[in-house]
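Everything on this sheet refers to the single structure shown next.
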Amino acid sequence: MSNQVLEPDVDFIREISRRGGDTLKKCYQCATCSVACPISPDNKPFPRKEMIAASWGLSDRLTADVDVWLCHQCGDCSARCPRGAKPGDVLGAIRSYAIEKYSKPSWLAKAVNDPKKLPTLIGIPVALFIVMGLIVGPILMKILGPILDIFFKKAGDASASTVKLLDFTPELFHGHIAHAQFFSSWLVDMIFVPTMTFAVVVFVLAMRSFVKDMHETAVREGKVANAEFSWIGLAKALPRVVLPILKHEKFTECSENRVRSTSHMMVLYGFIGLFIVTGIFFVVLYGSMLLTGYEEALHGPYNVYWNPVKWLANAAGVCLVIGSLAMIKERLGKDKETMGSAYQDWFLLGLVLALGVTGLGAEMTRLAGAAFFTYVLYFLHLVSVWMLFAYVPFSKLAHLVYRTLAMTYAEYAGREKAC
Numbered sequence: 005m006s007n008q009v010l011e012p013d014v015d016f017i018r019e020i021s022r023r024g025g026d027t028l029k030k031c032y033q034c035a036t037c038s039v040a041c042p043i044s045p046d047n048k049p050f051p052r053k054e055m056i057a058a059s060w061g062l063s064d065r066l067t068a069d070v071d072v073w074l075c076h077q078c079g080d081c082s083a084r085c086p087r088g089a090k091p092g093d094v095l096g097a098i099r100s101y102a103i104e105k106y107s108k109p110s111w112l113a114k115a116v117n118d119p120k121k122l123p124t125l126i127g128i129p130v131a132l133f134i135v136m137g138l139i140v141g142p143i144l145m146k147i148l149g150p151i152l153d154i155f156f157k158k159a160g161d162a163s164a165s166t167v168k169l170l171d172f173t174p175e176l177f178h179g180h181i182a183h184a185q186f187f188s189s190w191l192v193d194m195i196f197v198p199t200m201t202f203a204v205v206v207f208v209l210a211m212r213s214f215v216k217d218m219h220e221t222a223v224r225e226g227k228v229a230n231a232e233f234s235w236i237g238l239a240k241a242l243p244r245v246v247l248p249i250l251k252h253e254k255f256t257e258c259s260e261n262r263v264r265s266t267s268h269m270m271v272l273y274g275f276i277g278l279f280i281v282t283g284i285f286f287v288v289l290y291g292s293m294l295l296t297g298y299e300e301a302l303h304g305p306y307n308v309y310w311n312p313v314k315w316l317a318n319a320a321g322v323c324l325v326i327g328s329l330a331m332i333k334e335r336l337g338k339d340k341e342t343m344g345s346a347y348q349d350w351f352l353l354g355l356v357l358a359l360g361v362t363g364l365g366a367e368m369t370r371l372a373g374a375a376f377f378t379y380v381l382y383f384l385h386l387v388s389v390w391m392l393f394a395y396v397p398f399s400k401l402a403h404l405v406y407r408t409l410a411m412t413y414a415e416y417a418g419r420e421k422a423c
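Basically this note's numbering = 1-based index in the sequence shown + 4.
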């Protein structure tokens with residue numbers, strides 16, 4: 005029998021408390037939570053063992069524990085806890101800590117979860133847009149313009165190097181307000197493509213470490229039979245968990261907060277819809293530009309009444325707004341003994357709501373002919389979108405990736421009732 009040396013991390017316990025798990029010390033390990041949880045497996049059930057490990061400050065064990073991510077924080081365990089220890093909140097705090105641990109750079113991860121840094125986080129994209137639009141962007145277009153012209157410029161088109169990227173006194177486009185006249189599509193892609201690339205790289209690096217640690221922990225705790233890990237095997241397990249995730253099956257197994265599944269699905273499908281819309285318009289813009297040149301390329305403003313892609317965009321935007329408002333209402337009106345709310349919850353909800361409101365608001369004010377208001381709302385919308393992309397690997401929204409990967413690993417490992 006091998007001996008294990010426990011190395012308690014007192015700072016970890018403090019962090020769990022700061023992130024919403026301040027009821028941890030109320031737990032006296034009666035195991036009511038593991039019995040009450042409808043989605044906990046019979047073999048090594050959670051969350052009792054996680055509560056014990058958290059009280060000892062075993063951060064390395066917990067941040068790589070697949071079971072921490074199988075918890076959906078439905079509140080069944082917290083509602084039945086005789087001591088009010090709220091295990092669901094504790095596991096939520098552990099997930100927040102794990103996201104910060106695996107995401108690099110660490111200073112940005114800490115800033116995203118620090119309410120004092122919120123003004124700075126908002127100011128970064130504002131400053132970035134202005135600097136790129138007025139200083140760096142024009143220089144880049146002077147350099148890259150002739151190269152872009154080779155692929156896109158047709159007879160009669162002005163060179164891409166002459167494009168005004170950020171114009172605070174924009175002219176009408178064929179008699180209509182066009183956001184691209186204020187904030188050029190070139191500038192949008194010049195900023196957002198690298199931002200998305202940054203987010204993907206952060207996620208890839210984090211997931212490599214996360215999976216490695218998760219597998220080592222699962223092997224040590226006897227949650228997986230094969231000590232040899234296979235990325236191919238993990239990839240094959242992914243399709244088996246996609247449908248349960250899309251259907252939010254785990255939420256429907258809960259009794260205390262089953263209603264949350266509706267608002268979560270609205271936000272999820274809102275994001276999926278907007279991702280599809282963005283992809284379609286990106287391909288249409290540059291595909292048509294390649295064929296017809298700058299002037300005749302298909303770009304906005306699109307007809308909101310007859311364009312089916314705009315229908316999808318507006319429906320997705322409405323889903324975001326209604327879904328996020330429903331989540332806010334649920335958090336404000338719920339029983340505080342069942343589930344608490346921490347800063348990372350409100351940061352995400354506020355960002356999602358701002359994204360939807362500014363997007364729909366920019367469109368409605370454009371259609372109403374209110375130029376000043378639509379440009380302001382469009383700028384704020386882009387700030388919200390940038391914050392979502394740039395900060396997603398460090399925010400609570402990262403659970404979309406972490407939990408999906410953990411559920412996939414649980415399926416791959418044969419964890420009972422994994423998904």
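Each residue gets a CB set at the ideal place from its N, CA and C atoms; glycine is no exception.
Once DSSP output is grouped into helix, strand and coil, what is the label at residue i?
| i | result |
| --- | --- |
| Phe202 | helix |
| Phe233 | coil |
| Phe187 | strand |
| Asp118 | coil |
| Ala301 | coil |
| Met5 | Low confidence applies to Met5: its pLDDT is 44, below 50, so where it sits in the model is not reliable, and the reading given next is rough at best. Coil, per DSSP. |
| Arg87 | coil |
| Glu11 | coil |
| Thr296 | helix |
| Ile43 | coil |
| Gly3 | Outside the shown range of the chain, which is 5 to 423, sits residue 3, and nothing can be said about it. |
| Phe50 | coil |
| Trp310 | coil |
| Thr34 | As written in the sequence, residue 34 is Cys, which differs from the Thr given in the question. Looking at Cys34 - three-state DSSP - the assignment turns out to be coil, as it is neither helix nor strand. |
| Ala210 | helix |
| Ala182 | coil |
| Asp69 | coil |
| Lys108 | coil |
| Ala410 | helix |
| Val215 | helix |
| Ala422 | Note that Ala422 scores 41 on pLDDT, short of 50, meaning its location in the model is unreliable and no value can be drawn from it. |
| Gly321 | helix |
| Asp80 | helix |
| Ile17 | helix |
| Trp60 | coil |
| Ser399 | coil |
| Asp193 | helix |
| Ile226 | The residue asked about is misnamed: residue 226 is Gly in this sequence, not Ile. Coil. |
| Thr221 | helix |
Would you please state the rounded distance, in angstroms, between the beta carbons of residue i and residue j? I believe it to be under 8 Å.
| i | j | result |
| --- | --- | --- |
| Ala164 | Leu176 | In fact, because the Cβ distance is near 21 Å, the residues do not count as touching under 8 Å. |
| Tyr413 | Val246 | Not a contact, Cβ separation roughly 14 Å. |
| Ser267 | Glu334 | 7 Å |
| Pro109 | Thr36 | Wrong, their Cβ atoms sit about 41 Å apart, outside the cutoff. |
| Ser107 | Val206 | 6 Å |
| Phe187 | Tyr382 | 7 Å |
| Ser189 | Leu316 | Not a contact, Cβ separation roughly 20 Å. |
| Ser292 | Leu352 | In fact, because the Cβ distance is near 36 Å, the residues do not count as touching under 8 Å. |
| Leu115 | Leu125 | Per the sequence shown, residue 115 should be read as Ala rather than Leu. Sure, about 6 Å apart at Cβ, within 8 Å. |
| Glu220 | Lys48 | Contact doesn't hold; Cβ gap of about 16 Å is too wide. |
| Trp60 | Pro12 | 5 Å |
| Tyr101 | Ile20 | 7 Å |
Looking at the C-beta of residue i, does it have a partner C-beta in chain D at a distance below 8 Å?
| i | result |
| --- | --- |
| Leu384 | Annotation note: the requested chain D is absent from the structure, which comprises a single protein chain. |
Can you find at least 3 beta carbon pairs, one from the stretch 268 to 281 and one from the stretch 132 to 141, that sit closer than 8 Å?
Because the criterion of three Cβ pairs below 8 Å is not met, the stretch 268 to 281 and the stretch 132 to 141 do not touch.
Using 8 Å as the cut-off, can you tell me whether the stretch 68 to 79 makes contact with the stretch 152 to 171, which would need three or more C-beta pairs spanning the two stretches below that distance?
Contact between the stretch 68 to 79 and the stretch 152 to 171 is absent: fewer than 3 CB-CB pairs across the two stretches fall below 8 Å.
Could you tell me which uninterrupted alpha helix (DSSP H) segments, each at least 4 residues in length, are contained entirely in the stretch 123 to 180, listed from first to last along the chain?
You should have 141 to 156.
Does the count of Cβ pairs from the stretch 344 to 352 and the stretch 292 to 312 closer than 8 Å reach three?
Inter-segment contact for the stretch 344 to 352 and the stretch 292 to 312 is absent: fewer than three beta-carbon pairs are separated by less than 8 Å.
Flag this pair as touching only if the stretch 209 to 216 and the stretch 400 to 412 have three or more C-beta atom pairs under 8 Å; answer yes or no.
Using a C-beta cut-off of 8 Å, the stretch 209 to 216 makes contact with the stretch 400 to 412, since at least three inter-stretch Cβ pairs fall below that distance.
With a threshold of 8 Å, are at least 3 pairs of Cβ atoms found where one atom belongs to the stretch 90 to 97 and the other to the stretch 384 to 393?
Output reads no: the stretch 384 to 393 does not touch the stretch 90 to 97.
Please list the segments of the alpha helix (DSSP H) lying wholly inside the stretch 228 to 285, counting only runs of 4 or more residues, in order along the chain.
If only uninterrupted alpha helix (DSSP H) runs of at least 4 residues are considered, those enclosed by the stretch 228 to 285 are 235 to 251, 253 to 256.
Using a Cβ distance threshold of 8 Å, determine whether the stretch 349 to 363 contacts the stretch 322 to 332, with at least three qualifying pairs required.
Yes: at least three Cβ pairs fall under 8 Å.
Counting Cβ pairs, one atom from each stretch, are 3 or more of them under 8 Å apart for the stretch 35 to 50 and the stretch 70 to 84?
Verdict: yes, contact present.
Validate contact between the stretch 22 to 32 and the stretch 44 to 58 using beta carbons, cut 8 Å, 3 pairs:
Judged by Cβ distances under 8 Å, the stretch 22 to 32 makes contact with the stretch 44 to 58, as three or more pairs qualify.
Between the stretch 223 to 231 and the stretch 254 to 267, can you find at least three pairs of beta-carbon atoms closer than 8 Å?
The stretch 254 to 267 vs the stretch 223 to 231: no contact.
Does the pairing of the stretch 180 to 188 with the stretch 305 to 318 give three or more beta-carbon distances under 8 Å?
The stretch 180 to 188, when compared against the stretch 305 to 318, does touch it at the 8 Å Cβ threshold.
Which runs of the alpha helix (DSSP H), 4 residues or longer, sit entirely within the stretch 327 to 378?
For the stretch 327 to 378, whole alpha helix (DSSP H) runs of length 4 or above, ordered along the chain, are 347 to 371.
On the three-pair Cβ rule with 8 Å, is the stretch 380 to 390 touching the stretch 123 to 132?
Contact between the stretch 380 to 390 and the stretch 123 to 132 is present, because at least three Cβ pairs lie under 8 Å.
Is it a yes or a no for the stretch 366 to 382 touching the stretch 112 to 119, going by three-plus beta-carbon pairs under 8 Å?
Taking a cut-off of 8 Å for Cβ pairs, the stretch 366 to 382 and the stretch 112 to 119 do not touch, as fewer than three such pairs fall below it.
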